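If you want our numbering, it's the 1-based position in the sequence shown plus 1. We put the CB at the ideal spot given by N, CA and C, even for glycine. Predicted model only: the values in this text are computed from it and were never measured. Single-structure report; data block below.
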Amino acid sequence: MRMGRRVGPTVSMRGGFEMWFGRGPAMTTGLAALLIFCVLYAFWPRATVVVSPEVSEVCRKVTVEASTAVTVVDVDGGRVPARAVKDSFTVSVKVPVSGSVRSGATKASGRVAFVNETERAVSVPKGTMVATAAGVRFRTVEAAVVPPATVRHFMGLAVDADSGMTVVDVEAEEPGTSGNVAAGRITVVVAGAFPGLKVTNPEPTSGGEDKITPAVSPVDLATARRLIASEAAREAAARLAVKSPAGFSVVRDTIVVERQEPTFSAAPFTPSAELRASCRASASALAVKEAEVLKVARGKFLSEVVAGGGEVISSAVEMKITGAARKSSAAASIDVTAQARVSAKVDADKLARELAGKSVREAESLLATRQGVSGFSIYPQADSEARLPRFPSWIHVIVGDVDAAGRG
């Protein structure tokens, strides 16, 4: 009789599961719990690294294009609509004169002697003009008759003669010290036909005085031109602001003023208390909606920050229009200065991969020299030769405030 070998009790695979997890729903629940445990075990961090990104104050100029050809705001293209504004006007200014001229205040006076060498009396009317050889003129203030010359004869021959002479008061034609002439300088009878009549002044003329009178100088004309230019610019800005469409503001740096040649109330060296000048001017500019410009500038600024590997810490970005350059009558470039606090962008997943398997010493060296990292901490703290987990998923990288993380 063949004896069979005794075999102990066997447990099937299903029986094994049933032994551990039970049957039916209980088994399903157990499997799910096991799966969750495995996932948690695989991905639950064994180490935490907190890094503080570098934070800096970034100030950057952003350029926005404005054009009358643009009808809607183009944030991606950095363009905004613009409107052309024009006006014409007259500019007038007054300038106190800085020059002076010397002019006559009182007329010189004196006496002249008319000498008649003819044998007939000569009548000299009031106002007869006499002068010096240099052209300084005097007028007689009264009429006079110059007697004829007295001729002495001997045996029917004229052997001697005494000229007739009359002294008459005269006054200088023009006021001023130029009429004060020395004796014997008045030698010319200017007006009237007086053949044989001579004139001279036996004594100096006197009494002519000058005065200093304000007058226009060439400097005053230059000053008036500068004032016209500044006044035209001021007037243009004010007028174009009024002419701008509702909601639009004139971009001051796009204002262009054209002026005609000014006219002046007096020429240089002309006596005058003030100089008046005026000219016609025309002005043009571009107007934009400031909110649209700042919106586009903000978008460009944020894009540039992100492209440079950073991110704005908060939504507060300070922006100000700082200038513009007019490219044509229909287009201009507007400069906007944008300023914000920006932190360097740290890729937590990439950093975890770089740190995986490194010793604490190596990890600290890597973090200390990594661009964009200003501080770091590794938890739990361990000996420098201890190693971080080999799996990146077991390293939890937190980008934030190192001190705050330590306090937490």
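The C-beta of Gly310 has fewer than 16 other C-beta atoms within 10 Å across all chains shown, which makes the residue exposed.
Boundaries of the alpha helix (DSSP H) around Val294: 291-308. DSSP places Val361 inside the alpha helix (DSSP H), whose first and last residues are 361-370. Between Ala109 and Val146, the gap from beta carbon to beta carbon reaches 7 Å or more. Selection Glu293, Ala353, Thr338 evaluated against Asp77 yields Glu293 as nearest (Cα-Cα).
Per DSSP, Ile379 lies in no alpha helix (DSSP H); the unbroken beta strand (DSSP E) holding it starts and ends at 374-380.
In the three-state reduction of the DSSP assignment, Glu232 falls in the helix class. Within 10 angstroms of the beta-carbon of Asp221 lie 16 or more other beta-carbons, which makes it buried. Annotation for Gly177: Gly105, Gly209, Asp211 place their beta carbon closer than 6 Å to its own, counting only its chain and skipping 5 residues before and after. Pro219 carries a helical assignment under DSSP once its states are collapsed to helix, strand and coil. When C-alpha distances from Glu66 are compared across Met166, Gly128, Gly79, the shortest belongs to Gly79. Note that the C-beta distance between Leu368 and Val374 is below 7 Å. By alpha-carbon distance to Asp88, the top candidate from Glu259, Val125, Ala274, Lys301 is Glu259. Here the C-alpha atom of Val81 lies approximately 19 Å from the C-alpha atom of Glu305. About 11 Å separates the CB atoms of Val131 and Val182; that is not less than 8 Å, and the two are not in contact. In the structure shown, the three-state DSSP call for Asp384 is coil.
By the Cβ rule, the segment 262-272 counts as touching the segment 213-232, because three or more pairs are nearer than 8 Å. With at least 16 other beta carbons inside 10 angstroms of its own, Arg240 counts as buried. In the three-state DSSP reduction, Val243 falls in the helix class (H, G or I). Counting C-beta pairs with one atom in each stretch, the segment 47-60 and the segment 200-209 have fewer than three that are closer than 8 Å, which means they do not touch.
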